[in-house]
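Taking full-length UniProt numbering, I'd label the letters of the sequence shown as residues 1 to 311.
The C-beta atom is built at its ideal place from N, Cα and C for all residues, glycine as well.
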Amino acid sequence: MSICCIGQSAYDITGRVDGDLRPDTKYRMEHHTESPGGPALNGACVCGLWGADVSLVSRIGKDAYGARITESLGRYGVKTELMIVDPEARTSLSLIVTNGATGGRTIFNFPSPHGPVARMALPDDAPSVMLHDGHEPEASLEYMHAFPGALNVIDAGTCRESTLLVARLADYLIASQSFATQYLGHGLTLENDARLAAELVELREINGRRVAVTLGELGSVYLGEDGLVRMPAFKTRVCDSTAAGDIFHGAFTFGVHAGLSMRDSMVLATMASSVSVSRSGSQTSIPSLPEVREQLLSKGIAIGLGRGGES
Numbered sequence: 001m002s003i004c005c006i007g008q009s010a011y012d013i014t015g016r017v018d019g020d021l022r023p024d025t026k027y028r029m030e031h032h033t034e035s036p037g038g039p040a041l042n043g044a045c046v047c048g049l050w051g052a053d054v055s056l057v058s059r060i061g062k063d064a065y066g067a068r069i070t071e072s073l074g075r076y077g078v079k080t081e082l083m084i085v086d087p088e089a090r091t092s093l094s095l096i097v098t099n100g101a102t103g104g105r106t107i108f109n110f111p112s113p114h115g116p117v118a119r120m121a122l123p124d125d126a127p128s129v130m131l132h133d134g135h136e137p138e139a140s141l142e143y144m145h146a147f148p149g150a151l152n153v154i155d156a157g158t159c160r161e162s163t164l165l166v167a168r169l170a171d172y173l174i175a176s177q178s179f180a181t182q183y184l185g186h187g188l189t190l191e192n193d194a195r196l197a198a199e200l201v202e203l204r205e206i207n208g209r210r211v212a213v214t215l216g217e218l219g220s221v222y223l224g225e226d227g228l229v230r231m232p233a234f235k236t237r238v239c240d241s242t243a244a245g246d247i248f249h250g251a252f253t254f255g256v257h258a259g260l261s262m263r264d265s266m267v268l269a270t271m272a273s274s275v276s277v278s279r280s281g282s283q284t285s286i287p288s289l290p291e292v293r294e295q296l297l298s299k300g301i302a303i304g305l306g307r308g309g310e311s
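So, in structure tokens, the structure goes:
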């Protein structure tokens, strides 16, 4: 029983300013942090830190940033044997500027130019759950076809055709609000339950299974057995929202792997994300599993540990 996370790795350089970025302005940052990042990578780090048997399938260049990423993954218990080391590519780089006043962030991503993978390595043992972010669709589709018994979660951040190719085969479509807006052609009708439920039903036409939309500080919404479910965010002081969504998806995937219900997986992910935004950084902001459980219990919330029913 293992998890595979398939998608983007990047090397993040993060600095902080005390306000919104303005044009024609030079910013001097006295301090910065450097760490690996990317949706699939951060999700894998959550699962690894929480004790799951997890592997990352992601492309890196044969360069210094790629070497740092591989070294860091080992510290989080993430297996790297399935990594795609492409000598013709360079490792993706991201410059992240956080707003010290609001905790928001602006991301400048320099993606790695690359071609198709000549040969894809597959694990000897079939994974039970796979998390995809849509950035390596060829790898995702090959793994889905190779392991048809695995449950598939997709972190659908942007509505690209590559993301839709993977989303159509996913058991759990966890979409960002941006993805939902792009797919529907209009914003979600958050103030009207009936319309919002209809919009989620339309999103569910993508995969015909489970669907949820994350809404940042407003929490998330999903379709349960009885229709629309609103999952409010847990209140916290926001320091840095970097990787909060990635941590949400990693925690949700861990919940699916642990046999939790849709509801309990959403609760687990919501609390993990809530704790993470009170800290700076990406992997450095990942809370431990006991910490998340403790925070939930402090609010009188207990989540199941066995195979739960869908709710």
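Burial state of residue i (16 or more Cβ within 10 Å)
i	result
E310	With a pLDDT of only 43 at E310, under 50, the local geometry of the prediction cannot be trusted, and no value is derived from it.
N192	exposed
D125	exposed
S263	The residue asked about is misnamed: residue 263 is Arg in this sequence, not Ser. By the 10 Å Cβ count, R263 comes out buried.
S288	exposed
R307	Per-residue confidence for R307 stands at a pLDDT of 37, beneath the threshold of 50, marking its modelled position as unreliable; no derived number is given.
P148	exposed
M29	exposed
G250	buried
E199	buried
residue 313	Summary: the structure shown does not reach residue 313, with the chain confined to residues 1 through 311, and so no result is reported for it.
H132	buried
A258	buried
L203	buried
P137	buried
D246	buried
A146	exposed
L297	exposed
Y222	buried
R22	exposed
8 Å contact criterion, which residue i and residue j should meet: CB distance rounded
i	j	result
L93	Y11	5 Å
Q283	Y65	At roughly 15 Å, the Cβ-Cβ gap does not stay under 8 Å, so Q283 and Y65 are not in contact.
S128	G157	About 24 Å; that fails the 8 Å criterion.
V256	I301	So it is not a contact: roughly 18 Å between Cβ atoms.
S276	A243	7 Å
L260	G219	In fact, because the Cβ distance is near 18 Å, the residues do not count as touching under 8 Å.
I69	T91	7 Å
F254	C47	5 Å
V238	M271	Not a contact, Cβ separation roughly 15 Å.
T236	S278	5 Å
Residue j beta carbon less than 8 Å from that of residue i
i	j	result
C5	L49	no
A139	I174	no
V153	Y172	yes
I286	C45	yes
F248	S265	no
G61	A40	no
G224	A197	no
S9	S72	no
T37	D155	For the record, residue 37 in the displayed sequence is Gly; it is not Thr. Cβ distance not < 8 Å, so G37 and D155 don't count as in contact.
I13	L95	yes
G103	S241	yes
T33	G281	yes
C159	Y143	no
G7	G134	yes
L141	L165	yes
Cβ of residue i within 8 Å of any chain B Cβ
i	result
D63	Among the chains of the structure shown, chain B does not appear; only one protein chain is present.
Reduced DSSP category for residue i - H, G, I as helix; E, B as strand; rest coil
i	result
D193	helix
T284	helix
R279	coil
I13	strand
L297	helix
V256	helix
D240	coil
D92	In the sequence under discussion, the amino acid at residue 92 is Ser, which differs from the Asp named in the question. S92: strand per DSSP, three-state reduction.
I247	helix
L173	strand
G7	strand
I303	coil
Practice task
Mind listing, in chain order, the continuous beta strand (DSSP E) runs of no fewer than 3 residues lying wholly within the region 18-64?
Solution key: 32-37, 54-61
Handout entry: Whole runs of the beta strand (DSSP E) within the region 178-236, excluding any shorter than 3 residues
Key = Runs of the beta strand (DSSP E) lying entirely within the region 178-236 and spanning at least 3 residues, in chain order: 210-214, 220-224, 227-231.
Handout entry: Start-end ranges of the beta strand (DSSP E) lying completely within the region 124-168, minimum 3 residues
Key = 129-132, 151-156
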